[in-house]
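Heads up: the sequence lines are chains P and W, in that order. 180 is the number that UniProt numbering gives to position 180 of the first sequence; each next residue is one higher, with no gaps. 14 is the number that UniProt numbering gives to position 14 of the second sequence; each next residue is one higher, with no gaps. Below is one structure, written out as structure tokens, with a few remarks after it.
Protein chains: 2
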Amino acid sequence: MGLVFQVDRTDAGGGRHGRLVLPHGVVETPVFMPVGTAASVKTVEQGVLEETGSDGVGAQIILANTYHLYLRPGHELIARMGGVHRFMSWERPMLTDSGGFQVFSLSSLRKVTPDGVEFRSHLDGSKHFFSPEHSMDVQIALGADVMMVFDECVEHPATYERTRDSMALTHAWAQRSKDHFETNKERVPWFEERGGKTQSLFGIVQGGMYADLRKESAERLVEMELPGYAIGGLAVGEPREVTREMIARTLEWLPKDKPRYVMGVGYPDEIEEYARMGVDMMDCVLPTRAGRHGLVFMREEAGGPVVRMNIKRKEYAEDARPIDESCGCMVCRRYSRAYLRHLFVSGEALGLTLNSVHNLAFYLDTMARVRGDLAG
Amino acid sequence: MGLVFQVDRTDAGGGRHGRLVLPHGVVETPVFMPVGTAASVKTVEQGVLEETGSDGVGAQIILANTYHLYLRPGHELIARMGGVHRFMSWERPMLTDSGGFQVFSLSSLRKVTPDGVEFRSHLDGSKHFFSPEHSMDVQIALGADVMMVFDECVEHPATYERTRDSMALTHAWAQRSKDHFETNKERVPWFEERGGKTQSLFGIVQGGMYADLRKESAERLVEMELPGYAIGGLAVGEPREVTREMIARTLEWLPKDKPRYVMGVGYPDEIEEYARMGVDMMDCVLPTRAGRHGLVFMREEAGGPVVRMNIKRKEYAEDARPIDESCGCMVCRRYSRAYLRHLFVSGEALGLTLNSVHNLAFYLDTMARVRGDLAG
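Dropping the structure here:
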């Protein structure tokens, strides 16, 4: 058994409050998942991540990237160390992506065949081959609670024909992913110590910006009876109305009793909007990446619109206020805008950490508030 | 009143256990002071610093560099923000150096006159002038509990004549530092809120590697009746036996009822050795700087010699042990060598933080153990 998903309540807008029970713990949904690319949520220590947010509850589940960990330190090394949880000392739930997105966005000289993708590492140019079977082997070795089918990510914009052909490949690869996972799922490093619990494999709906392809993709994946479904290939440059429309349409075709995950979105107001539409899981590098660029999220007043504050601006040089006066995170409880500006301007690494911790808290707090509303 | 210093016990070797009562708190001596160059102990959050070490007590007192804070964000800005404690949200004691050492080691185009030093900023080449009076004004604006007289740091090696002339300048500057401090010491930003308590100004014994000059310097400074004395101009490239000899000799000439501070040393075994000789205070960038270069300190067995471990070495790739199995710091309690190596090799910023936190804990633990021995 990989997971149990329970929806407690669904409101008129489709938003739902639920619980996802995974081998490493329980996740209250809707949930935002910080991204720990190379087994580290950049600049943030795991102990801090366990307490981030105004309620001190911290991140319930985090992501790690299969592509990055495959290249360095290698999935077999991580398996020998007991899996990615033990390797990075994170005992709460985790999710790995399939590696597909990074193969298509980071590596060079990709050659896609029906069998898989040949590519060169962005680190050293070395040649590698990823197939659905290989992605499964890597993700089983990493041992996250949730893993993802290997998919092709189509470029944006893409023609209808190109998108349709890519989607067909993604479906074939999803079936191969599932077949390989089913016959190997007992090989996860913690299988025995967790009493025979194992990982769960989610499908990924593709279909670009074409609603009929999204429908076909959802239907085809639902036939495969996977325990959860992601909506992939969004937030790739399309207008935000299109993202929302694709999500809204796809949600209609996905089973209501399974978790629904939108990959790689978005700004704080977007994650709130999608959660209220019925999305259960989201992940994004934005809180940490923006933090490292000196961009922090805040609201001028509680419940007001989200403001992106550039902490390096001169106007904050002597501003004794916290980033957000209504935020209860450890950064806002202790540090002023003036100090954060000084750290950033002076190139002090602590500034990147504090910006990232606040932004993560902002995302987690946003989701906690939405969960409160949806719980009724 | 700036400080009260009490020696509880002195052992046969001259090592002593004591307490230094400062406006922002009590410091048990001998003490190691982490360096927070630009109002940040590099890569380490203040809350972590308050708990670093196996006993969870954290750093009792930290340093900040006058030169760095003068250039950026500026001492007047920090004064307007309430002083450096409030600016960086560190409510425990602090010490600022005089800026002298950095002016001589970091800036360019220095021109020394009896009045002071003209120099160019290492940041933008802008021209500045530091005199003893100006260093005092800057340090009063910063508002650390302990500040240092402005001194000239002679290069190493230096001839007897050069060292003697430089020392004479340092003595004249020490007197001017004291005079200016005495007439301005009520201008510290927290003077009123701390009920009229103020800062303490320490002298700095110079004299290079010449014992007779060290003696003359100590005697001259003792005549000035300062509340504490530092030994400066060491660990500048001389053999370690010479450092030890200069410290041992100088300690003889310094009053036993005042705190004695050796600036800018050293390796963990050195700080232990000097503390056992009767040095009460030491600071060094080494734990954090080494950490950022992947060097961590450990002992193969409790009480054994200090080992410098290069965490990026291949042999640690699958090593599940903590850096130091007898260390109780947050890094050793949670993370393996394998994970720390992965972080460092992958360029993950968290690696620099964790290495630094462990090294700081190693230094603080070393000093806590020495204090325990000296307390008898």
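Glycine included, every Cβ here is placed at the ideal spot set by N, Cα and C.
- Leaving aside the five residues that flank P:R308 on each side, the residues in its chain whose CB is nearer than 7 angstroms to its CB run, in chain order, L295, F297.
- For W:Y160, the enclosing alpha helix (DSSP H) begins and ends at 160–184.
- Every unbroken stretch of the beta strand (DSSP E) spanning 3 or more residues and falling wholly within the stretch 250–311 of chain W is given here in chain order: 260–262, 281–284, 295–299, 306–310.
- Within 10 angstroms of the beta-carbon of W:Y160 lie fewer than 16 other beta-carbons, which makes it exposed.
- Three or more Cβ pairs closer than 8 angstroms define a contact, and the stretch 233–246 of chain P falls short of that threshold against the stretch 337–345 of chain P.
- Judged by their CB atoms, W:G304 and W:D365 are not nearer to each other than the 9 angstroms cut-off.
- Here W:F129 is exposed: its Cβ has fewer than 16 other Cβ atoms, across all protein chains shown, within 10 Å.
- The C-alpha of P:E152 lies about 38 angstroms from the C-alpha of P:S54.
- Of the candidates W:Y70, W:R92, W:H171, W:M167, the residue whose Cα lies closest to the Cα of W:H134 is W:Y70.
- Beyond the five residues adjoining it in sequence on each side, P:L95 comes within less than 7 angstroms, by CB distance, of M33, I61, L63, A144, D145, V146 in the same chain, given in chain order.
- Across the set P:G291, P:E348, P:V345, the C-alpha of P:G291 shows the shortest separation from the C-alpha of P:V41.
- For P:G47, the enclosing alpha helix (DSSP H) starts and ends at 46–49.
- Assigned with DSSP and collapsed to three states, P:Q199 falls in coil, not helix or strand.
- Among the CB atoms of chain W, none fall inside 9 angstroms of the CB of P:V31.
- In this structure P:K185 does not touch P:P227 by the C-beta definition: roughly 12 angstroms separates them, more than the 8 angstroms allowed.
- Within the stretch 76–108 of chain P, those residues whose Cβ lies closer than 7 angstroms to any Cβ of chain W are, in chain order, L77, R80, M81, F87, M88, S89.
- Taking the Cα positions, P:A211 is about 15 angstroms away from P:H156.
- Between W:M282 and W:V31, the C-beta spacing is below 9 angstroms.
- In its own chain, leaving out the 5 sequence neighbours on each side, no residue places its CB closer than 7 angstroms to the CB of P:E193.
- W:A218 is positioned such that its CB atom lies closer than 9 angstroms to that of W:T250.
- Following the DSSP letters along the chain, one finds W:M367 inside the alpha helix (DSSP H) bounded by residues 349–375.
- Under the criterion of beta carbons closer than 8 angstroms, P:H68 and P:Q102 qualify as touching, at roughly 7 angstroms.
- Sequence-ordered contacts of the stretch 13–24 of chain W with chain P are nonexistent [C-beta pairs closer than 7 angstroms].
- Around the beta carbon of W:Q139, 16 or more other beta carbons lie within 10 angstroms, which makes this residue buried.
- CA-CA distance, P:T198 to P:F181, rounds to 11 angstroms.
- For P:Q6, the enclosing beta strand (DSSP E) stretches over residues 4–10.
- Taking 9 angstroms as the threshold, the shortest C-beta distance from W:T52 to chain P does not fall below it.
- Per the coordinates, the alpha-carbon of P:T43 lies some 18 angstroms from the alpha-carbon of P:P73.
- Here W:Y229 is bridged, per DSSP, to W:G203, W:R260.
- Taken atom to atom, the span from the alpha-carbon of W:W90 to that of W:V154 is near 33 angstroms.
- A straight-line Cα-Cα distance of about 12 angstroms links W:R371 and W:V279.
- Residue environment analysis places W:T113 among the exposed positions, since fewer than 16 neighbouring C-beta atoms fall within 10 angstroms of its C-beta.
- In this structure, DSSP gives W:I247 a helical state, which the three-state scheme calls helix.
- Take the alpha-carbon of P:R162 and the one of P:A172: they are about 16 angstroms apart.
- Collapsing the DSSP output to three states places W:E219 in a helix.
- Just so you know, the alpha carbons of W:L106 and W:S126 end up roughly 13 angstroms apart.
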